[in-house]
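Sequential numbering from 486 applies to the sequence shown in our numbering.
Ideal placement from N, C-alpha and C gives every residue a C-beta, glycine not left out.
In this text, all values refer to a predicted model and were calculated from it rather than measured experimentally.
Accompanying notes for the structure given below.
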Amino acid sequence: MNSEEFIKAVKNIVKEKGISEDVVFEGMEQALLTAYKKNFNSKTNARVEINKETGEIKVYSYLVVVDDVDYGREEVDEEGNVVKIPPAINVDAQIILEQAEEMVPGIKVGETIEYEVTPKDFGRVAAATAKQVLTQKIREAEKNSIIEEYKDKQNEMLLGLVAMEDSRNYYIDFGRARGILPKNEIIPGETIKMGSNIRVYVTKIENNNKGPLILLSRKHYGFVKRLFELEVPELQDGTLIMHACVREAGVRSKVAVSSTVDRIDAIGTCIGEKGSRIASILKELNGEKIDVVLYSDIPEDYIKSALSPAKNAIVSIVDATKKEALAVVDEKELPLAIGKSGNNIRLASKLTKYKINVKTMQEINEEGNRDN
């Protein structure tokens with residue numbers, strides 16, 4: 486790589502990768518200085534200069550004029566340890582005033598003597614170093630660009646391609662980056678096909694040496710929340726508000742919503758005409774049941790709605806401080822209120838943040854008779 490090719494390569498990288506031209510030249514000069522010290526002169530009083538127009542590379546040695554050579558010193562710190570304090574200027578770069586005046590008459594302390602020491606065959610070293618530095622800067626720029634692009638994606642939903650899998654994870658390709666979808670974070674019972682497009686929820690983003698580490702999930706309750714926002718525009722424009730979302734992946738989710746406009750039905754809007762909106766969400770969730778619940782500031786009303794699909798529950802607050810409530814339902818509604826393995830009552834309690842005890846009127850009467 487000659488000087489002209491080097492400058493052309495730098496210009497192309499700056500334009501295509503968005504790298505600062507100064508960063509490239511600074512990195513190149515530092516790498517060339519290291520190469521010079523390794524191959525030609527191990528002393529520290531040298532610097533490399535690259536002409537940004539022509540690409541010409543020169544190496545200079547410099548000396549700083551001093552009264553006396555500073556070799557550094559030793560001090561004792563507060564704990565009694567001996568600490569070495571390095572000289573303000575490298576010893577290699579110091580020259581006392583008497584010697585400096587022989588080289589440059591009239592020179593003063595603090596001024597610098599500089600002369601070119603570019604080796605004849607330094608071009609060969611420079612060419613190899615240039616390739617290494619440019620490759621490194623490209624990688625750094627791409628990594629930083631990807632990190633910048635994905636840094637705000639945590640807690641968001643992304644669409645990607647199922648690219649690879651191993652015994653524990655699926656690897657989802659987003660184009661410039663890949664995310665990790667652990668197999669224990671997919672919806673129970675669903676089948677993930679290689680090469681298919683898939684929606685995923687970003688649970689965590691960490692930066693490492695290779696770029697962003699993107700952790701994904703389809704089990705997280707946030708996945709359901711983002712699906713609703715995707716299918717129900719009113720949640721985005723503020724017409725509807727989602728107050729809470731709870732989930733047992735593969736079984737049931739509950740979403741509490743309300744409307745900021747009196748004439749708009751919050752639940753009906755989420756379900757959509759002929760169930761079109763909720764159908765799209767159900768399809769994505771592999772048939773997982775969803776209860777859209779009407780939020781209320783009145784705890785009794787909120788709990789009653791949260792017990793859906795059970796109907797006509799009579800709710801009373803047992804202890805407002807401890808957030809305990811009693812829901813009385815018809816006997817035929819009891820299985821619906823509790824749910825399979827208790828999932829409905831569990832989710833209703835999580836949604837409302839009340840400990841809900843469900844009983845039938847028959848159980849209430851029997852308890853009253855025993856008390857009497």
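- Nearest C-alpha to D750 among K774, N771 and V717: V717.
- Distance from the CA atom of Y686 to the CA atom of N850, rounded to whole angstroms, is 48 Å.
- The three-state secondary structure of R558, taken from DSSP, is strand.
- In the structure shown, D776 adopts extended strand secondary structure according to DSSP, grouped into three states.
- A residue is called buried when at least 16 other Cβ atoms come within 10 angstroms of its Cβ; P820 does not meet this threshold and is exposed.
- Per DSSP, E583 lies in no beta strand (DSSP E) segment; the continuous alpha helix (DSSP H) that holds it begins and ends at L582 to M588.
- For Y655, the uninterrupted beta strand (DSSP E) segment begins and ends at N654 to D658.
- Distance check between K636 and each of P697, I504, V778 and L701 places P697 closest, using alpha-carbon atoms only.
- Comparing C-alpha distances from C730 to each of A573, E633, R831 and E816 shows the shortest one belongs to R831.
- The beta-carbon distance between I841 and A812, rounded to whole angstroms, is 6 Å. This is short enough to meet the 8 Å contact definition.
- Bridge pairing for P667: N654 [DSSP].
- Sixteen is the threshold: when 16 or more other Cβ atoms of the shown chains lie within 10 Å of the Cβ of L517, as they do, the residue is buried.
- Secondary structure at V618: helix, using DSSP grouped into helix, strand and coil.
- Around the Cβ of Q579, a 10 Å sphere holds 16 or more other Cβ atoms; the residue is buried.
- With a beta-carbon spacing of about 23 Å, A585 and V533 fall beyond the 8 Å limit used to define contacts.
- R762: member of the alpha helix (DSSP H) spanning S761 to E769, first to last residue.
- E601 is bridged by DSSP to Y545.
- Taking all protein chains shown into account, V594 has fewer than 16 neighbouring C-beta atoms within 10 Å of its C-beta and is therefore exposed.
- Per DSSP, the continuous alpha helix (DSSP H) segment holding G512 begins and ends at E506 to N524.
- Under the DSSP definition of a beta bridge, C730 partners with V740.
- When only Cα atoms are considered, Y787 and S630 end up about 46 Å apart.
- Judged by beta-carbon spacing, V803 lies beyond the 8 Å limit of V843, meaning their Cβ atoms are not closer than that value.
- Cβ contact annotation for G660 (same chain, cutoff 6 Å, sequence separation greater than five): none.
- For E489, the three-state secondary structure derived from DSSP is helix.
- In the structure shown, Q639 falls within a coil segment according to DSSP collapsed to helix, strand and coil.
- The Cβ-Cβ distance between T519 and D577 does not fall below 8 Å.
- Note that the C-beta distance between I763 and G757 is below 8 Å.
- With respect to the C-alpha of I574, the residue from L548, N654, K704 and I598 having the closest C-alpha is L548.
- Annotation for I749: no beta strand (DSSP E) segment contains it, and DSSP assigns it neither H nor E.
- V602 is positioned such that its CB atom lies closer than 8 Å to that of S546.
- In this chain, the beta strand (DSSP E) harbouring K569 covers V567 to I570.
- In this structure A741 touches V778 by the C-beta definition: roughly 5 Å separates them, less than 8 Å.
- In this structure, the beta-carbon distance from E514 to I535 falls below 8 Å.
- In this structure, V709 sits away from R737, with a CB-CB distance that is not shorter than 8 Å.
- A Cβ-Cβ distance of about 54 Å is found for the pair V746 and K622, leaving them out of contact under the 8 Å criterion.
- Sorting G512, E809, A798 and A494 by C-alpha distance to the C-alpha of I823 places A798 at the top.
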